[in-house]
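J.:
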Amino acid sequence: MTFSNVVFASSYDYTITWTSGGSTTVGGITFNSLSIPSGLTGSNSTIASVVSAFSFSANGQTYTLSSTPAIRGVLLNTVSAFTLSPTSSANIKSSFTDINLFTFSGAPNCSGSNTTPQGQSPFTVRTCSGGTATDWVLTSIVYGSYIASGPSIANTQVSVQNTAQALQGTYTLQNAVLANSFSYDCTVFGENDVCVSAGGRNTAVSAANGLNNSSALLIAAYRALPSVRVGAYADQNLSVSNAGSTVNLGNNTPLLGLFAAWNENLDGTGTEVKATIAYGQKSTTMNRSVVGAGATASEAGSGSSTLNSQGAQVTAKYGFGVADQVIVSPYVGIRYTQNNMGGYTEGASSSVTTPLTYSALNTNATTALAGVGVSYQGIPLATLFASAGVETDTNTANGSLSATWAGTGTLTPVNFNSNPVKTRPTAMLGASYDVEKNQRLGVTGIYRQESYQATASTTVMATYTVGF
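The opening position of the sequence shown corresponds to residue 431 in our numbering, with each subsequent residue numbered one higher.
1. With DSSP run on the structure shown, which of helix, strand or coil describes A596?
2. Terminal residues of the continuous beta strand (DSSP E) containing V720?
3. Could you check whether A816 and G801 sit closer than 8 Å to each other, using their CB atoms as the reference points?
4. Are the Cβ atoms of T889 and N672 separated by less than 8 Å?
5. Where does Q666 fall in DSSP's three states?
6. According to DSSP, is L814 helix, strand or coil?
7. Threshold first: 3 residues or longer. Then list the beta strand (DSSP E) segments lying entirely within the region 707-782, N to C.
8. Determine the DSSP secondary structure at A609, reduced to helix, strand or coil.
9. To the nearest angstrom, report how far apart L841 and G773 are at their CA atoms.
10. Return yes when the Cβ of L791 is within less than 8 Å of the Cβ of I764, no when it is not.
11. Among Q869, R718, P843, A664, which has the Cα closest to the Cα of Q711?
12. So, for T893: in the same chain, excluding its five sequence neighbours on each side, which residues have a beta-carbon less than 6 Å away from its beta-carbon?
13. In terms of residues, what are the limits of the beta strand (DSSP E) holding E694?
14. What is the DSSP secondary structure of T586, reduced to helix, strand or coil?
15. Give me the residue from L814, K852, V820 with the minimum Cα distance to T826.
16. Measuring CA to CA, which of N717, S589, T586, Y614 is closest to G875?
17. Determine contact between the region 775-787 and the region 722-739, defined as no fewer than three beta-carbon pairs at a distance below 8 Å.
18. Looking at the structure shown, is L841 part of a helix, part of a strand, or coil, going by DSSP?
19. Return helix, strand or coil for Q879, following the three-state DSSP convention.
20. Leaving out five residues before and five after L648 in sequence, what residues of the same chain have Cβ atoms less than 6 Å from its Cβ?
21. Nearest-angstrom Cα distance between Q807 and N695?
22. With N585 and G722 assumed to form a contact (beta carbons below 8 Å), what rounded beta-carbon distance in angstroms separates them?
23. Assuming D697 and R653 form a contact by the criterion Cβ under 8 Å, report the distance between their Cβ atoms to the nearest whole angstrom.
24. By how many angstroms is the C-alpha of S805 removed from the C-alpha of V756?
25. Here's the rule: buried if 16 or more other CB atoms are within 10 angstroms of the residue's CB, otherwise exposed. What is L506?
26. The beta strand (DSSP E) with N678 in it runs from where to where?
27. According to the neighbour-count rule (16 or more other Cβ atoms, all chains shown, within 10 Å of its Cβ), is V865 buried or exposed?
28. Thinking C-beta only, is V703 closer than 8 Å to T600?
29. Determine the direct distance from the alpha carbon of S789 to that of Q604, and round the result to whole angstroms.
30. Going along the chain, which residues of its own chain have a beta-carbon closer than 6 Å to the beta-carbon of V896, five neighbours each way excluded?
31. Tell me whether V618 is buried or exposed, calling it buried when 16 or more other Cβ atoms sit within 10 Å of its Cβ.
32. Quick check on DSSP: helix, strand or coil for T895?
33. For Y416, which three-state DSSP category applies?
34. Select from P850, T745, V590, Q743 the residue whose C-alpha is nearest the C-alpha of N717.
35. Taking the beta carbon of G687 as the centre, do at least 16 other beta carbons fall within 10 Å, making it buried, or is it exposed?
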């Protein structure tokens with residue numbers, strides 16, 4: 431196939447005259463091979479055989495034009511409109527606007543109709559009938575206002591990868607908050623065997639654009655027996671800071687937890703077993719970044735979903751009084767956590783003509799814990815404590831971020847954690863001071879290496895505890 435009268439005007443019209451077979455690229459669009467009878471020597475010659483379809487390519491997507499019935503040149507008495515397949519594609523941003531696909535010699539009876547592919551501009555197709563055979567000489571096909579410029583597959587794929595990277599930080603933050611909450615406790619009791627603790631927490635995630643959040647804490651416990659306490663806690667987000675704002679977390683609901691503990695001795699020696707469960711839900715808004723420049727740049731799609739975090743942990747430790755006011759406590763435990771975000775579709779707008787649809791993104795991990803803690807109470811009314819440990823994931827599901835693009839199919843899924851860190855260190859350091867009888871001020875810092883490469887979280891909390 432060769433081209434004549436190729437017009438690179440402001441409307442980007444391409445007039446193609448069939449003169450021979452072959453594949454030719456003009457203006458970034460490749461028109462693929464079309465079988466033309468050898469007897470065809472000019473654009474107005476009779477086409478003796480059936481030509482029902484041909485294809486062209488742009489921006490990595492192949493399109494097919496087909497007709498029913500097939501074109502038979504001057505032998506055809508009825509020509510139905512050519513159909514573009516796929517009829518919706520993110521590669522076509524403003525295609526075939528008010529342009530007739532066919533021009534004919536003679537004067538057949540032709541009428542136009544508008545067809546609007548999903549998310550695209552309408553284009554006019556011509557359906558012609560009647561007339562005599564000599565009226566039906568096909569002289570050219572005109573592609574009008576075809577701008578192979580909408581968001582490219584490559585740029586859109588990178589924008590999805592960027593969204594996945596931002597979500598990694600969000601999942602890390604929520605998982606760190608969940609895991610750290612399993613250490614929440616209330617151990618100062620009064621004559622009514624009630625303990626109440628209030629305070630604040632800040633958790634920061636490294637390598638995530640300064641991602642951190644601040645929360646208010648409320649912890650309460652009841653001493654049902656001298657050796658048994660049960661309690662509950664609420665961790666309510668107050669603010670979330672995330673440079674770039676690709677992912678925004680809501681502050682609408684708190685993380686809620688329940689715990690129960692049994693300790694052999696009240697002074698911290700001997701055996702202690704503690705079990706905790708927790709559940710949190712956060713509204714989440716994703717703002718996809720723009721990748722590339724000009725007409726092929728990815729679109730700034732935005733959508734919302736809900737991120738649910740839940741889990742449970744059981745730990746056991748044994749305290750040894752190794753010296754005056756010094757207790758060393760080795761511990762072991764098991765933890766299960768999962769973070770699930772529902773699927774969502776980006777909103778369509780004048781600037782987002784090809785919104786993406788995402789499937790649910792679910793992760794979970796079963797983790798074995800081991801370490802040792804030490805406490806020192808040699809300073810009057812004050813206690814210093816520290817611990818160091820290691821976590822090892824025994825079973826994980828890291829999920830993939832999968833997006834579907836209208837007219838193009840599913841983009842390549844992004845593995846959410848292709849190289850997880852399965853064995854990780856943790857550390858805790860803190861101090862408490864008994865302000866009054868049954869009143870205690872505490873400060874704690876927690877460091878965690880997270881499962882994503884080169885990512886860690888640090889948490890600082892301060893609490894004031896009163897026993898009633």
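Ideal Cβ placement from N, Cα and C applies to all residues, glycine included.
Predicted, not measured: the structure shown is a model, and the values here were computed from it.
T.: Quick look at the numbers:
1. DSSP, read as helix, strand or coil, puts A596 in helix.
2. Element bounds for V720: n/a, residue is neither H nor E.
3. G801 is not a Cβ neighbour of A816, given a cutoff of 8 Å.
4. The answer is no: Cβ separation not under 8 Å.
5. Strand, per DSSP.
6. Strand, per DSSP.
7. Under the rule that a run must span 3 or more residues, the beta strand (DSSP E) segments found entirely inside the region 707-782 read 732-753, 756-771.
8. Helix at A609.
9. Approximately 15 Å between the Cα atoms of the pair.
10. Against a cut-off of 8 Å, the Cβ pair of L791 and I764 comes out as no contact.
11. Among Q869, R718, P843, A664, the Cα nearest to that of Q711 belongs to A664.
12. Same-chain partners within the cutoff: S627, G629, G872.
13. First-last for E694: undefined, no H or E at that position.
14. DSSP places T586 in helix when its eight states are reduced to three.
15. Nearest option by C-alpha distance: K852.
16. Out of N717, S589, T586, Y614, the CA that lies nearest to the CA of G875 is found in Y614.
17. Result yes; three or more Cβ-Cβ pairs closer than 8 Å.
18. DSSP places L841 in the coil class of the three-state scheme, outside both helix and strand.
19. In the structure shown, Q879 sits in a strand (DSSP, three-state: E or B).
20. Its chain contains A628, A664 as the residues whose beta carbon lies nearer than 6 Å to that of L648, once the 5 sequence neighbours on both sides are disregarded; these appear in chain order.
21. If you take the alpha carbons of Q807 and N695, they lie about 16 Å apart.
22. Right, their Cβ atoms sit about 4 Å apart.
23. For a cut-off of 8 Å, the C-beta gap from D697 to R653 is around 15 Å, too long to register as a contact.
24. Each residue's Cα considered, the two are about 6 Å apart.
25. Per-residue confidence for L506 stands at a pLDDT of 24, beneath the threshold of 50, marking its modelled position as unreliable; the derived number appears in the next sentence. Counting the other CB atoms within 10 Å of its CB gives L506 a total of 16 or more, which places it among the buried residues.
26. Per DSSP, N678 belongs to the beta strand (DSSP E) from 677-679.
27. With fewer than 16 Cβ atoms within 10 Å of its Cβ, V865 is classed as exposed.
28. Not in contact: T600 and V703 (Cβ atoms no closer than 8 Å).
29. The alpha-carbon atoms of Q604 and S789 are separated by roughly 20 Å.
30. Same-chain partners within the cutoff: V626, Q869.
31. Buried, because 16 or more other Cβ atoms sit within 10 Å of the Cβ of V618.
32. Strand at T895.
33. Any property of residue 416 remains undetermined from this structure, which presents the chain solely from 431 to 898.
34. Here the closest residue by C-alpha is V590.
35. Around the beta carbon of G687, 16 or more other beta carbons lie within 10 angstroms, which makes this residue buried.
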